[in-house]
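Inspection log for the structure reproduced underneath, given as structure tokens.
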């Protein structure tokens with residue numbers, strides 16, 4: 303579609319989503335998709351799904367946002383016509399594949415989308431027949447001109463081999479970390495709790511690692527996160543906590559426990575990390591839902607050493623809390639500009 307048509311169509315989608323979220327207008331198909339998603343995936347509670355859809359509507363689907371985003375790139379020309387980009391969507395966050403699909407459409411290409419079995423109901427409602435998006439449950443038989451994927455390290459390696467020879471952006475496992483100074487007020491800690499625990503901490507933008515000053519008192523941070531977990535995690539959070547506590551207790555590991563969440567000191571878990579913070583490699587540890595790493599730093603130099611050691615696995619270093627889960631269209635996962643790649647091809 304032409305650039306202006308694209309902006310008009312997806313501004314209208316944002317308006318419709320905002321009206322649905324506020325209750326001003328009904329959307330029976332989306333209501334049903336939310337119901338089915340919650341049935342298929344215990345982590346996709348209706349509240350969590352509404353948070354994800356609201357973030358899309360506010361952060362990506364406004365006219366001024368879409369116009370400013372797309373005007374940085376050449377408008378689709380005749381070369382884009384008929385080009386197909388495969389999109390392999392993850393299932394960790396509701397509608398997490400939306401951004402990739404929107405990007406392919408902004409480039410004037412046709413998206414063919416492999417849906418995750420954990421998130422197969424929302425996206426077909428947001429991109430119904432007539433939008434040029436084709437959904438499927440497998441990549442078998444794909445003949446695509448480019449590829450965008452997200453997922454874990456194993457999936458990344460599979461798609462590198464499976465689609466060797468075509469332009470692609472493949473995202474693997476990453477984590478986000480928040481830097482605390484000890485001067486945070488209660489409102490900031492509540493905002494941090496949302497960054498940590500929205501979507502059960504399953505997204506790569508979710509803060510799963512806290513970088514805290516040496517001898518930092520975690521009690522207020524833990525209290526803010528515990529309040530969020532008790533309000534929004536429900537029975538699932540309690541069940542995970544019992545399992546996590548049992549596993550770590552049997553292993554003899556010392557940890558901090560707020561009642562729903564467990565905090566693990568990474569510098570004490572890894573040999574030599576007390577002396578050398580660069581040995582802290584969070585992705586090498588098994589972190590379960592309901593667990594948070596924390597790493598004590600003694601100086602800005604130690605902070606930089608940690609970041610440098612993990613640069614290829616860090617999605618975000620967050621110092622301004624409350625916005626981790628509200629990306630704009632140009633806040634690219636892994637920093638890889640997918641629209642730039644497609645418009646250059």
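Residue numbers (the numbering used here): 303 to 647.
Just so it is clear, CB atoms sit at the ideal spot from N, CA and C, and this is done for glycine as well.
For residue j and residue i, believed in contact at Cβ under 8 Å, the rounded distance
i           : j           : result
residue 387 : residue 411 : 5 Å
residue 509 : residue 497 : 5 Å
residue 547 : residue 564 : 7 Å
residue 561 : residue 602 : The pair is not a contact, with the Cβ atoms about 33 Å apart (cut-off 8 Å).
residue 362 : residue 396 : Not quite, the Cβ-Cβ distance comes to about 14 Å (not below 8 Å), so this is no contact.
residue 390 : residue 441 : 7 Å
residue 576 : residue 569 : 5 Å
residue 407 : residue 434 : 7 Å
residue 581 : residue 531 : Actually they are not in contact, since the Cβ atoms of residue 581 and residue 531 sit about 30 Å apart, beyond 8 Å.
residue 305 : residue 378 : 7 Å
residue 484 : residue 518 : 6 Å
Cβ neighbours of residue i in the same chain (closer than 6 Å, five flanking residues each side left out)
i           : result
residue 605 : 599
residue 393 : 418, 420 and 421
residue 307 : none
residue 355 : 319
residue 486 : none
residue 458 : 472 and 474
residue 444 : 388
residue 436 : 414
residue 504 : 394
residue 452 : 392 and 473
Beta carbon of residue i nearer than 8 Å to that of residue j
i           : j           : result
residue 454 : residue 480 : no
residue 357 : residue 630 : no
residue 336 : residue 348 : yes
residue 640 : residue 449 : no
residue 425 : residue 461 : no
residue 647 : residue 376 : no
residue 644 : residue 409 : yes
residue 534 : residue 592 : no
residue 558 : residue 524 : yes
residue 507 : residue 382 : no
residue 423 : residue 482 : no
residue 323 : residue 359 : yes
Neighbourhood of residue i by C-beta distance below 8 Å, restricted to the same chain and skipping five residues each side
i           : result
residue 545 : 590
residue 344 : 538
residue 615 : 475, 476, 477, 583, 584 and 585
residue 511 : 477, 478, 479, 480, 568, 584, 594, 595, 596 and 597
residue 464 : 441
residue 439 : 416, 417, 419 and 422
residue 574 : 581
residue 446 : 386, 387, 388, 414, 465 and 468
residue 405 : 450, 631, 640, 641 and 644
Cβ neighbours of residue i in the same chain (closer than 7 Å, five flanking residues each side left out)
i           : result
residue 365 : 309 and 313
residue 618 : 478, 507 and 626
residue 252 : The first residue shown for the chain is 303 and the last is 647, placing residue 252 beyond what the model contains.
Runs of beta strand (DSSP E) wholly within the segment 451-497 (minimum 3 residues, chain order): 470-472 and 477-481
The segment 489-499 contacting the segment 609-616, beta-carbon criterion three pairs below 8 Å: no
The segment 328-340 touching the segment 423-434, judged by at least three CB pairs closer than 8 Å: yes
Runs of beta strand (DSSP E) lying entirely within the segment 554-634, each at least 3 residues, in chain order: 564-567, 593-599 and 616-620
Beta strand (DSSP E) runs wholly inside the segment 392-447, at least 3 long, in chain order: 412-416 and 436-438
Any beta strand (DSSP E) of 3 or more consecutive residues that is wholly inside the segment 343-393: 386-390
Length at least 3, wholly inside the segment 503-542: the beta strand (DSSP E) runs in chain order: 509-515
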